[in-house]
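This note's numbering puts the first residue of the sequence shown at 18, with every later residue one more than the last.
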Amino acid sequence: MSVAALGKLELLLTGIYDLRISCRVEDFLVTKRQHLPDDCRDAASDEQLFVTTADDELSMSLFLDPAMLDRLQSHDPNEELDQHNVADCWIAVEGISHFLCVAHHAEHDRPVSLLTLELQAEIDKYVASFLLLHRRDPRRFPAELHSLLFQRARIDPTLAAGRESLYWRASRYAARFCARLEPRLRALCRSGDRGWQVDLRRFYRLTDFGKLRHIERMQVC
Numbered sequence: 018m019s020v021a022a023l024g025k026l027e028l029l030l031t032g033i034y035d036l037r038i039s040c041r042v043e044d045f046l047v048t049k050r051q052h053l054p055d056d057c058r059d060a061a062s063d064e065q066l067f068v069t070t071a072d073d074e075l076s077m078s079l080f081l082d083p084a085m086l087d088r089l090q091s092h093d094p095n096e097e098l099d100q101h102n103v104a105d106c107w108i109a110v111e112g113i114s115h116f117l118c119v120a121h122h123a124e125h126d127r128p129v130s131l132l133t134l135e136l137q138a139e140i141d142k143y144v145a146s147f148l149l150l151h152r153r154d155p156r157r158f159p160a161e162l163h164s165l166l167f168q169r170a171r172i173d174p175t176l177a178a179g180r181e182s183l184y185w186r187a188s189r190y191a192a193r194f195c196a197r198l199e200p201r202l203r204a205l206c207r208s209g210d211r212g213w214q215v216d217l218r219r220f221y222r223l224t225d226f227g228k229l230r231h232i233e234r235m236q237v238c
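Below, the structure is given as structure tokens:
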């Protein structure tokens with residue numbers, strides 16, 4: 018199974034945030050449910066990150082559904098993102114985002130909360146989608162993207178496993194952050210200004226509490 022499309026999405030995210038991670042998603046990828054922990058094999062999710070710690074060592078594995086990866090490879094969002102592959106793209110970006118966020122925090126000996134993982138993944142889906150669309154049409158700002166990701170999205174209670182309130186909170190924070198990021202992204206479309214990247218890299222390196230406080234202080238236009 019080729020995971021070239023997955024690797025390109027990983028490079029997109031590490032480039033956005035200027036991350037220097039000493040491992041790659043491909044090396045921790047699991048695509049067979051029988052290789053998952055016993056209590057997770059029947060889960061319907063196409064993406065799951067598993068993290069364990071023992072003797073001060075952290076281990077990770079990222080499950081991505083093989084059928085989803087095959088679809089992603091045959092209709093690569095790095096070449097063209099559209100209505101036929103956007104859902105699969107978001108699943109892949111979410112898994113990559115979770116993996117990179119945990120790896121980055123671990124390499125800097127910092128804890129990371131589930132809320133921060135979900136918040137960052139929502140922001141990453143928005144920004145990655147914008148940049149993929151920007152490649153195809155650099156002068157057009159996809160104004161419909163924010164609504165599609167944050168207003169039309171639904172949370173499956175089965176997959177949420179009792180954490181619906183956490184996912185909704187992460188989505189609300191991300192929606193607010195991305196709304197304030199839009200003027201920066203519009204400037205990229207108009208003049209190539211890359212101030213958006215400075216904002217994102219600074220935000221990524223804030224503490225969990227710092228990220229929430231930063232968003233709470235934002236004024237939404």
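Just so you know, even glycine gets a beta-carbon here, dropped at the ideal spot from N, CA and C.
For the region 59 to 146, the full-length alpha helix (DSSP H) segments reaching 4 residues or more read 83 to 91, 103 to 124 along the chain. Beta-bridge analysis with DSSP links residue 42 to no other residue. Considering only 23, 119, 150, 68, the residue with the shortest C-alpha distance to residue 39 is 119. Measuring C-alpha to C-alpha distances from residue 229 to each of 206, 211, 189 identifies 189 as the nearest.
In the three-state DSSP reduction, residue 47 falls in the strand class (E or B). Residue 142 is classed as buried because its beta carbon has at least 16 other beta carbons within 10 Å across all chains shown. A straight line joining the alpha-carbon of residue 170 with that of residue 74 spans about 36 Å. Of all C-beta pairs linking the region 91 to 107 to the region 135 to 155, three or more are shorter than 8 Å, placing the two stretches in contact.
If you look at residue 192, you'll find it in the alpha helix (DSSP H) that goes 181 to 208. If you look at residue 31, you'll find it in the alpha helix (DSSP H) that goes 21 to 34. Taking a C-beta distance under 7 Å as the contact criterion, residue 162 and residue 112 do not qualify as a contact pair. Excluding sequence positions up to five before and after residue 123, its CB lies within less than 8 Å of the CB of 75, all in the same chain and listed in chain order.
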